[in-house]
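Listed in order, the protein sequences are those of chains A and B.
If you count the first sequence from 1, you need to add 148 to reach this note's numbering.
If you count the second sequence from 1, you need to add 92 to reach this note's numbering.
Idealized CB from N, CA, C, for every residue including glycine.
Source: prediction; values computed, not measured.
Step one of this worksheet: look at the structure below.
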Amino acid sequence: MLRKRIIPGLLLSGERFVKTRRFADPIYIGDPINTLRIFNEKEVDEIAIFDIDCARDRRRPVNLAYLERLCSECFMPLSYGGGVRDIETMRQLYRIGVEKVVLTTVALDDPTFVARAVEEFGSSSVIGGVDFSYEAGNVAMAAATGGTRRGITRAIDAVRALVNARVGEILLTNIDREGMAEGYDLAFLEEVSAMVSTPIIIQGGAGSVDDLKRALHDHGASAAAAGTLFVLYGPHRAVLITYPPTRDIHG
Amino acid sequence: MIVIIDYDSGNVGSIRNMLHRLGVRSEISRDHKAIAAASALILPGIGAFDTCAANLRKYDLVGPIAEKVQERGAPVLGVCVGAQLMLEGSEEGVLPGFGWFRGHVRHFKFAAEQNERLPIPHMGWNEIKVQPAGASLFDGLTDGASFYFVHSYHFAPEDPGCVAATAYYGFDFCAAMSRSQIHAVQFHPEKSHKFGMRLYSNFARGSGLAS
Chain A
149 MLRKRIIPGL LLSGERFVKT RRFADPIYIG DPINTLRIFN EKEVDEIAIF DIDCARDRRR
209 PVNLAYLERL CSECFMPLSY GGGVRDIETM RQLYRIGVEK VVLTTVALDD PTFVARAVEE
269 FGSSSVIGGV DFSYEAGNVA MAAATGGTRR GITRAIDAVR ALVNARVGEI LLTNIDREGM
329 AEGYDLAFLE EVSAMVSTPI IIQGGAGSVD DLKRALHDHG ASAAAAGTLF VLYGPHRAVL
389 ITYPPTRDIH G
Chain B
93 MIVIIDYDSG NVGSIRNMLH RLGVRSEISR DHKAIAAASA LILPGIGAFD TCAANLRKYD
153 LVGPIAEKVQ ERGAPVLGVC VGAQLMLEGS EEGVLPGFGW FRGHVRHFKF AAEQNERLPI
213 PHMGWNEIKV QPAGASLFDG LTDGASFYFV HSYHFAPEDP GCVAATAYYG FDFCAAMSRS
273 QIHAVQFHPE KSHKFGMRLY SNFARGSGLA S
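Written out as structure tokens, the structure reads:
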């Protein structure tokens with residue numbers, strides 16, 4: 149039977165891996181090639197790479213040449229997100245070895261784009277991303293452009309639009325929890341998983357293996373993504389690449 | 093030399109990367125001469141069945157591939173939709189496949205009384221059960237090997253004798269087919285680290301290439 153997935157989510161800035169908190173204050177984690185080699189040896193279920201510079205800067209093209217080098221180190225499924233807003237870039241990403249492309253900002257700015265991408269590449273190759281934060285009235289609101297444009301629409305409506313566009317998975321990222329290691333937004337995860345049958349990847353806030361297990365076993369996530377938990381260690385946030393053994397998650 | 097068929101429909105880079113890591117020479121190409129000269133072919137494929145089938149036609153590849161495999165007996169490995177194309181057709185589309193395996197590609201349908209809610213696509217790591225037809229392709233992979241799957245449709249071959257491996261997702265479905273030198277895998281060995289390396293290595297050795 150299908151095993152639920154644990155996904156290191158890695159943030160690319162230029163040609164370096166960094167880690168942020170609440171989508172801000174990046175600290176240097178390491179050379180991407182080395183980091184990916186370590187995750188390869190640990191036989192991780194899947195990797196997700198997000199280019200945070202491309203997400204924030206519309207004029208910055210996706211760094212295909214560098215991503216191609218990273219892909220050559222990934223013998224596990226790889227997702228990419230950050231600054232993708234046209235079919236041709238998606239085609240290039242799949243060609244160099246990316247399995248799944250995450251569409252976040254473009255899904256909010258161009259409502260027909262996601263359905264077109266799904267039509268072209270299939271549901272399985274497209275992840276719909278929803279970055280969200282709690283705005284006035286404590287409502288989960290979708291954000292765009294790497295979290296720099298907040299309160300675009302209700303996050304739950306953004307999820308519905310992605311489901312209607314037939315994405316293969318939905319990636320939920322609570323911006324307020326990102327990098328804080330205080331646990332996932334299980335309430336929102338549960339609200340979404342009760343509403344849709346599309347597999348959900350939860351991201352933002354994992355601080356322990358128990359956080360991963362709770363999201364996967366009790367709150368309806370198909371996959372749990374984490375950054376801090378797998379790249380930083382201890383209160384001083386020292387860099388340490390880790391990955392839990394399968395038996396710790398699945399019993 | 094293994095030729096990985098390039099028809100704008102596959103994760104050709106991932107496959108080349110893994111073969112490279114294994115020390116197997118490969119080339120990404122849609123050139124008819126390269127196909128004719130290859131010692132084995134890999135037919136990748138992601139996306140919709142008809143999109144892939146149409147792209148094969150767009151690049152005039154159906155004839156050269158069929159000739160290479162059917163007339164000249166070249167070893168071939170289909171991956172994901174590239175593997176589905178080896179059946180006669182798919183519920184997902186209207187275009188025909190190569191028909192090297194009798195049967196069609198079907199959408200996942202679960203019995204109504206089933207309580208568990210199984211998301212489609214079937215996506216993630218799943219354990220396989222190797223069947224007799226898979227003895228060579230899955231050599232060394234009979235004990236708890238897991239592979240990475242991403243698909244909404246599954247092989248439904250008519251001949252149970254060609255089933256090389258099954259996996260369980262609501263029911264046991266056919267995850268791999270083998271018939272003489274023709275092999276089809278629904279999962280992505282190029283994304284299944286050590287298990288996938290072993291499978292590509294088995295395919296390369298079975299095709300007379302060092303690995």
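Show which residues of chain A have a CB atom less than 8 Å away from the CB atom of residue i.
i, result
"Ser182 of chain B", "Ordered by position in chain A, no residue passes the 8 Å Cβ test against Ser182 of chain B, which lies about 12 Å from the chain."
"Gly288 of chain B", "Phe223"
Which residues in chain A sit within 9 Å of residue i, going by Cβ to Cβ distance?
i, result
"Lys150 of chain B", "Near Lys150 of chain B there are no residues of chain A at all, since even the closest Cβ is about 14 Å away, more than 9 Å."
Which residue's Cα is closest to the Cα of residue i: the options?
i, options, result
"Tyr381 of chain A", "A:Ala354, A:Ile397, A:Lys361", "A:Ala354"
"Asn286 of chain A", "A:Ala303, A:Thr296, A:Ser273", "A:Ala303"
"Phe247 of chain B", "B:Ile96, B:Gln278, B:Leu229", "B:Gln278"
"Val262 of chain A", "A:Asp279, A:Arg206, A:Glu283, A:Ile235", "A:Ile235"
"Leu187 of chain B", "B:Ile212, B:Ala203, B:Leu148", "B:Leu148"
"Glu268 of chain A", "B:Pro156, B:Tyr240, B:Ile138, B:Leu179", "B:Ile138"
"Ala256 of chain B", "B:Leu229, B:Ala237, B:Phe239, B:Phe193", "B:Leu229"
"Asp329 of chain B", "B:Glu163, B:Cys144, B:Thr234, B:His112", "Residue 329 of chain B is absent from the model: chain B starts at 93 and stops at 303."
"His285 of chain B", "B:Phe241, B:Gln223, B:Leu210, B:Ser101", "B:Phe241"
"Asn211 of chain A", "A:Asp205, A:Ala386, A:Gly162", "A:Gly162"
"Ile181 of chain A", "A:Arg208, A:Arg217, A:Cys202", "A:Arg217"
Check the Cβ of residue i against every Cβ in chain A and list those closer than 7 Å, keeping chain order.
i, result
"Tyr243 of chain B", "According to the sequence provided, residue 243 of chain B is His. The question's Tyr does not apply to it. Here the neighbours are Ser272."
"Tyr260 of chain B", "Met149"
Can you pull the chain B residues whose beta carbon is under 9 Å from the beta carbon of residue i, in chain order?
i, result
"Arg151 of chain A", "Gly216, Trp217, Asn218, Glu219, Ser238"
Give the residues of chain B in contact with residue i, contact being defined as C-beta atoms less than 7 Å apart.
i, result
"Ile244 of chain A", "Gly105"
Leaving aside the five residues before and after residue i along the sequence, list all residues of the same chain whose C-beta is less than 6 Å from its C-beta, in chain order.
i, result
"Thr301 of chain A", "Ala290"
"Phe336 of chain A", "Ala288"
"Asn294 of chain B", "Leu229, Asp231"
"Gly245 of chain A", "Cys219"
"Ala292 of chain A", "Thr253, Leu256, Ile300"
Does the Cβ of residue i have 16 or more other Cβ atoms within 10 Å, making it buried, or fewer, making it exposed?
i, result
"Tyr332 of chain A", "buried"
"Tyr176 of chain A", "exposed"
"Met149 of chain A", "exposed"
"Leu134 of chain A", "A query on residue 134 of chain A cannot be resolved here, the shown segment of chain A reaching from 149 to 399 and no further."
"Asp193 of chain A", "buried"
"Met92 of chain B", "In the structure as shown, chain B begins at 93 and stops at 303. Residue 92 of chain B is therefore absent and cannot be evaluated."
"Asp152 of chain B", "exposed"
If the cut is a Cβ gap below 8 Å, which residues of chain B does residue i touch?
i, result
"Cys219 of chain A", "Gly105, Ser106, Asn109"
Less than 9 Å separating the beta-carbons of residue i and residue j?
i, j, result
"Ala440 of chain A", "Phe280 of chain A", "Because chain A in this structure spans residues 149 to 399, residue 440 of chain A falls outside the shown range and cannot be described."
"Leu184 of chain A", "Lys283 of chain B", "no"
"Ile323 of chain A", "Leu310 of chain A", "no"
"Gly170 of chain B", "Pro249 of chain B", "no"
"Ala166 of chain B", "Ala140 of chain B", "no"
"Ile397 of chain A", "Ile154 of chain A", "yes"
"Gly262 of chain B", "Ala203 of chain B", "yes"
"Gly230 of chain A", "Val379 of chain A", "no"
"Leu160 of chain A", "Phe198 of chain A", "yes"
"Asp205 of chain A", "Arg233 of chain A", "no"
Among the residues of its own chain, which have a CB less than 8 Å from the CB of residue i, if the five just before and after it don't count?
i, result
"Tyr242 of chain A", "Val249, Phe269, Ser273"
"Ala158 of chain B", "Phe190"
What residues from chain E crowd round residue i, counting only those whose CB sits closer than 8 Å?
i, result
"Pro225 of chain A", "Among the protein chains in the structure shown, which are A and B, there is no chain E."
Apart from the five residues on each side of it in sequence, which residues of its chain come closer than 7 Å, Cβ to Cβ, to residue i?
i, result
"Arg283 of chain A", "Here residue 283 of chain A turns out to be Glu, not Arg, going by the sequence shown. Excluding positions up to five away in sequence, the list reads Met289, Arg298, Gly299."
"Gly226 of chain B", "Ala256, Ala257, Ala268, Ser270"
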